[in-house]
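Numbering (the working numbering), first residue to last: 107 to 232.
For glycine and all other residues, C-beta sits at the position ideal for the given N, C-alpha and C.
Contents: one structure, followed by commentary.
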Amino acid sequence: ADRTGNALANLVAQGFAAGAAILALALLPADAGFWPLALIAVLCGFFGASWNGISLAEVARLAPPGKVAEATAGSTIFVFLGYVAGPSIFATLVSLTGSWTLPQILVAAQLLVMATLVGFSLRRAS
């Protein structure tokens, strides 16, 4: 994000990349083999783990003067609620459907929709 000078654009790109990687994982045939699975898993991990710092820095940048602690703490609460609720919701969907495919597609769709919405807001702001 420092190189591009636009943290939100970077987060949008990461959202699209993570969504695409998760969608690829969801649609990967069971007989695809180790290497395609490993490559997609690495991409999911890279894009899924590298957004936090950029997001928190952007929240701090946008916070009103003297309110950085409150803004970053508030943002972090929602992130951690996702960490707590997400796996339970995912596991419930796997149990209900008997498959990992639909839950993974829903995770990918959520990322792609949010990246699209933030991307549109960036275009309107510029």
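A residue is called buried when at least 16 other Cβ atoms come within 10 angstroms of its Cβ; residue 190 does not meet this threshold and is exposed. DSSP, reduced to helix, strand and coil, places residue 166 within a helical segment of the structure shown. Residue 197 is positioned such that its CB atom lies no closer than 8 Å to that of residue 129.
Between residue 219 and residue 118, the CB-CB gap reaches or exceeds 8 Å. In the structure shown, the three-state DSSP call for residue 134 is coil. Residue 171 sits in coil when the DSSP states are folded into three classes, being neither helix nor strand.
206 is the residue among 206, 216, 222 whose C-alpha sits nearest the C-alpha of residue 133. By the CB criterion at 8 Å, residue 150 and residue 169 fall outside the cutoff. Within its own chain, the residues whose Cβ lies closer than 6 Å to the Cβ of residue 209, once the five positions on either side in sequence are excluded, are 196, 199, 200, listed in chain order.
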